[in-house]
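So the sequence shown is numbered by the working numbering: it starts at 109 and just counts up by one. Every residue gets a Cβ at the ideal spot worked out from N, C-alpha and C, and that includes glycine. Written below as structure tokens is the structure these notes are about.
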Amino acid sequence: MARRDINFVPDRINSGWISCIQLSLLLIVLFTAAPLAAQWRVGEIRIEGNEQVGGDRLRKVLSLKRGEPYAEWMIEDDRSRLIALYRSRGFLQAEVDEFAKEIDLQNQRVDVTVTIREGKQTILASIQTAGNIVFASTSLVELVDVRTGRPLDARQLNVLKQRIIDRYHQHGYLHVRVHDRFYFPQSERQAEVYFDIDEGPQVYVGQISISGNDNIKTSVVHRALEIRPGETYSEEKMRRSKANLYRIGILNDIRHELIFHGEDSSVVDVEITMVEGEFRSVGVGGGLGDVDGLRGWLEWGHYNLADRALSLLQLTRITYQPFEQTPAYEYSYSSSLTLRQPYFLNSKIEASTTGLFEKVSYSHHDEEKLAVNILLRNMITQRRELSLLLELNQRNIFNVDTSTADQSTVDNRGNNITNLISPLAMFDLRDDRFNPQKGVLVVARSTLAGGPLLPGSISFYRFSIETSYLYPVYRLGNNTPLIVAFRVKLGTVREFGGTASVPPTEAFNIGGAKSLRGYSELSLGPLNDRNVPGNVLVESNFELRFPVWSSFGGVLFLDAANVFDELHFDDRFRLLTTAGIGARYHTPIGPLRIDFAFKLNNFRSSRVERAGDQIEEERDSWGRIHFGIGHAF
Numbered sequence: 109m110a111r112r113d114i115n116f117v118p119d120r121i122n123s124g125w126i127s128c129i130q131l132s133l134l135l136i137v138l139f140t141a142a143p144l145a146a147q148w149r150v151g152e153i154r155i156e157g158n159e160q161v162g163g164d165r166l167r168k169v170l171s172l173k174r175g176e177p178y179a180e181w182m183i184e185d186d187r188s189r190l191i192a193l194y195r196s197r198g199f200l201q202a203e204v205d206e207f208a209k210e211i212d213l214q215n216q217r218v219d220v221t222v223t224i225r226e227g228k229q230t231i232l233a234s235i236q237t238a239g240n241i242v243f244a245s246t247s248l249v250e251l252v253d254v255r256t257g258r259p260l261d262a263r264q265l266n267v268l269k270q271r272i273i274d275r276y277h278q279h280g281y282l283h284v285r286v287h288d289r290f291y292f293p294q295s296e297r298q299a300e301v302y303f304d305i306d307e308g309p310q311v312y313v314g315q316i317s318i319s320g321n322d323n324i325k326t327s328v329v330h331r332a333l334e335i336r337p338g339e340t341y342s343e344e345k346m347r348r349s350k351a352n353l354y355r356i357g358i359l360n361d362i363r364h365e366l367i368f369h370g371e372d373s374s375v376v377d378v379e380i381t382m383v384e385g386e387f388r389s390v391g392v393g394g395g396l397g398d399v400d401g402l403r404g405w406l407e408w409g410h411y412n413l414a415d416r417a418l419s420l421l422q423l424t425r426i427t428y429q430p431f432e433q434t435p436a437y438e439y440s441y442s443s444s445l446t447l448r449q450p451y452f453l454n455s456k457i458e459a460s461t462t463g464l465f466e467k468v469s470y471s472h473h474d475e476e477k478l479a480v481n482i483l484l485r486n487m488i489t490q491r492r493e494l495s496l497l498l499e500l501n502q503r504n505i506f507n508v509d510t511s512t513a514d515q516s517t518v519d520n521r522g523n524n525i526t527n528l529i530s531p532l533a534m535f536d537l538r539d540d541r542f543n544p545q546k547g548v549l550v551v552a553r554s555t556l557a558g559g560p561l562l563p564g565s566i567s568f569y570r571f572s573i574e575t576s577y578l579y580p581v582y583r584l585g586n587n588t589p590l591i592v593a594f595r596v597k598l599g600t601v602r603e604f605g606g607t608a609s610v611p612p613t614e615a616f617n618i619g620g621a622k623s624l625r626g627y628s629e630l631s632l633g634p635l636n637d638r639n640v641p642g643n644v645l646v647e648s649n650f651e652l653r654f655p656v657w658s659s660f661g662g663v664l665f666l667d668a669a670n671v672f673d674e675l676h677f678d679d680r681f682r683l684l685t686t687a688g689i690g691a692r693y694h695t696p697i698g699p700l701r702i703d704f705a706f707k708l709n710n711f712r713s714s715r716v717e718r719a720g721d722q723i724e725e726e727r728d729s730w731g732r733i734h735f736g737i738g739h740a741f
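Written as structure tokens, this is what we have:
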């Protein structure tokens, strides 16, 4: 018995050790299996049965790539991709068989064979609509450029169908139903497409309820809305209403829900729910800029005074430029206090008033400015802006180096009082504000200072207009397209009423990362060089923007600009030109950019130059490297 007991215990111990060893081996297998599985690679990809679409084009669509990791989920995804490609080329009966797989255990490789039955290609003969009364058939069909006589693109037809629905929704027909059907009059090679439209009743706004505005008065919210009880409901107006609410600046989230009074009801109630953000803020920061050099700022603000979205913001900013031998300005200091009221007097106008003190040390003089202004700006849309600025300022120009400063600086020494009015019009038709790929931007600005209506020490008028245009010339797949972009800016400024000359800060000064690349900031103009008048501006920029990889892109650019005393179209009209290459890293708020700009020609002044002039140093340099955030234009 004793022997059995002794033998029994080791047996149980050995059994336990064996179980532990087996469990350990199992865990090792389980934990090493995933890495081993991840090592399986895609081998050869053979495509059979394709006659109308080339194999290379089909392989580009596949997520399976030779030599890359293999995953089973890619199979069905790739089948869908291939079918979608054939549908877009008019092969409505195209089929893709299950992928045949050959497993190479030794090399841990999966060879894939794709068999395609293309079928016949269908040509789009015509597109027609039926049942539509509100809109003409031609206006609906032309919402998308779907051309007849070409292979039927099922994806484009789906886009057209959605555009038709959107058009009706914009005009209050929320119950519209659109069904597509195909008719083959002779054979499957020709197709007539019909969109049967059931328009339904036009829907009107019933009650509008608002919730979540615990600290913002409901009257402020209603002023931002573009939908009204009793009016036709429009998805576009609702979208703009939410955009208006976000522009107030104190709401984190806005949602809306439509409540119908029964099926196909002509009345809809709108429930708007919002989430408020923080109303107070304190911020401090710093950075490094191409113009400013070192910069820092401090701000505090309250954005919902009296529960009416009335904001009060104080901002202090300091800059110092230690990196440039001849900077646009060595240092600057500014402090401002702004009171802002959206939807001023129950209108779509945003009103603000600002008190400002500013001191700047330029190359040849120092300048202090004390100002108060009123800005009225429309709040219709972010794409169109009309604004009016009224300002009273006192400007003191002192510490003037008369041997190097421009005559306009000398003329305006001491304290001068300026009353001015400045309207602005902006029309932004680009597809995106930060990373546009197509569209047009037009900005026109004018300023009138002095005269009988605006008495002061200085009288002048100023006008400028700027137009930029972007167009995508080529797109490869879903990548960022190759974009051609150019800008033209023209301007003029003139003194009148006994004023000797326009102050240098009001004249045109060019050069820098967003103007004439290759020259330092504001280096060309009366602000920093006595040899360059700034009464007339001619500026143009051209860029060829191209994708490189992922979020990286590149730019080839050509800039041409100059400032003049008078505009003469003879040998005195000469533009400074620079060219270069740049790199871009795209972010949601615009690209991070670096530009290498080289001078193609240089400034030749008719005035006498002196040793040490900044323009002399500019002429001797090869160009500049510019850093920045956002596109140059």
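Best match in the options for proximity to residue i [C-alpha to C-alpha]
i           : options               : result
residue 349 : 364, 358 and 338      : 364
residue 669 : 697, 493, 707 and 636 : 707
residue 311 : 702, 369 and 247      : 369
residue 423 : 432, 410, 212 and 444 : 444
residue 309 : 331, 284 and 288      : 284
residue 651 : 317, 463 and 578      : 578
residue 230 : 291, 704, 184 and 212 : 291
residue 688 : 396, 730 and 655      : 730
Coarse secondary structure for residue i, derived from DSSP in three states
i           : result
residue 597 : strand
residue 185 : helix
residue 735 : strand
residue 565 : coil
residue 173 : coil
residue 356 : helix
residue 226 : coil
residue 730 : coil
residue 643 : coil
residue 134 : Bear in mind that the predicted position of residue 134 carries a pLDDT of just 43, short of 50, making it unreliable; the figure below should be weighed with that in mind. Residue 134 falls in the helix class under three-state DSSP.
residue 680 : coil
residue 140 : Reliability of the predicted coordinates at residue 140 is poor, the pLDDT of 44 falling under 50, and the value obtained from them is presented with this limitation in mind. It is helical.
residue 252 : coil
residue 264 : helix
residue 715 : With a pLDDT of only 44 at residue 715, under 50, the local geometry of the prediction cannot be trusted, and the value read off the model is given with reservation. If DSSP states are grouped into helix, strand and coil, residue 715 belongs with coil.
residue 481 : strand
residue 454 : helix
residue 211 : strand
residue 127 : Since pLDDT at residue 127 reaches only 43, below the 50 mark, its modelled position is unreliable, and no value is offered.
residue 364 : strand
Beta-carbon proximity check, residue i vs residue j, cutoff 7 Å
i           : j           : result
residue 642 : residue 671 : yes
residue 480 : residue 500 : yes
residue 633 : residue 617 : yes
residue 287 : residue 274 : no
residue 608 : residue 519 : yes
residue 401 : residue 441 : no
residue 155 : residue 166 : yes
residue 592 : residue 581 : yes
residue 525 : residue 565 : yes
residue 530 : residue 497 : yes
Expected contact under 8 Å - CB spacing of residue i and residue j to nearest Å
i           : j           : result
residue 623 : residue 647 : 7 Å
residue 425 : residue 405 : 5 Å
residue 226 : residue 152 : In fact, because the Cβ distance is near 22 Å, the residues do not count as touching under 8 Å.
residue 409 : residue 341 : The Cβ separation is near 36 Å, so there is no contact.
residue 599 : residue 571 : 6 Å
residue 521 : residue 568 : With a Cβ gap of about 17 Å, residue 521 and residue 568 do not count as contacting.
residue 660 : residue 692 : 7 Å
residue 459 : residue 628 : Rounded, the Cβ-Cβ distance is 38 Å, inconsistent with contact.
residue 484 : residue 495 : 6 Å
residue 384 : residue 324 : 7 Å
residue 276 : residue 300 : Actually they do not touch by this definition, with Cβ atoms about 23 Å apart.
is_contact[residue i, chain C] using C-beta, thresh 7 Å
i           : result
residue 549 : The structure shown contains no chain C; it is built from a single protein chain.
Boundaries (first-last residue) of the beta strand (DSSP E) holding residue i
i           : result
residue 555 : 547 to 557
residue 402 : 401 to 413
residue 536 : 522 to 536
residue 295 : Segment: none, residue 295 is in no beta strand (DSSP E) and carries neither H nor E.
residue 315 : 312 to 319
residue 236 : 231 to 238
First and last residue of the uninterrupted alpha helix (DSSP H) at residue i
i           : result
residue 515 : 515 to 519
residue 495 : Unbroken run through residue 495 is the beta strand (DSSP E), 492 to 506; no alpha helix (DSSP H).
residue 342 : No alpha helix (DSSP H) contains residue 342, which DSSP labels as neither H nor E.
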